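Data block below; observations after.
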Amino acid sequence: MRNTTRRPVTVGQMLVSEFLEPMGIEISALAEAMGVHRNTLSRIVHDKGTLTAPAAIKLSAALGNTPEFWLNIQHAVELWDVRHSAYEQEAKNVRRIQHSVANTGAMA
1 MRNTTRRPVT VGQMLVSEFL EPMGIEISAL AEAMGVHRNT LSRIVHDKGT LTAPAAIKLS
61 AALGNTPEFW LNIQHAVELW DVRHSAYEQE AKNVRRIQHS VANTGAMA
């Protein structure tokens, strides 16, 4: 996977730019169609909350796409955020485990 310098588009940005604005949909209308509270969807739209798998299923059902579409966006952002945080430095100190075929316990 490539390591980019620009943060990927978030679920909220994608929702606004590709769905809500072009289709003239209000957050409250989409939330009602999804069967979730308006504040729940508003937090996702404004990048204050994380999209969960159940919410991705509801969002995809309401908008006619797949949960994987939304979860891939969410995961790309989460991975980028972690890679550009202290965790990336910590990962450099992790030692890779060496696997030995002779020690697997398999019988010949």
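First residue of the sequence shown: 1, per the UniProt record's numbering; consecutive thereafter. Positions of the beta carbon are idealized from the N, C-alpha and C atoms, including for glycine. None of these values were measured; they are calculated from a predicted model.
So, using beta-carbon positions, are I57 and V9 closer together than 8 Å?
no
Can you find the residues in the same chain that come closer than 8 Å, C-beta to C-beta, to V36, ignoring five residues on each side of it along the sequence?
A55, K58
Under three-state DSSP, which class holds P22?
helix
Checking 8 Å against the spacing of the C-beta atoms, do I27 and L41 come in under that value?
yes
Tell me the DSSP secondary structure of H75 in three-state form.
helix
Cβ-Cβ distance between M34 and A62 below 8 Å
yes
Can the beta-carbon of V77 be found closer than 8 Å to that of I44?
no
So, helix, strand or coil for G12, using DSSP?
helix
L79 versus S17 - alpha carbon distance:
22 Å
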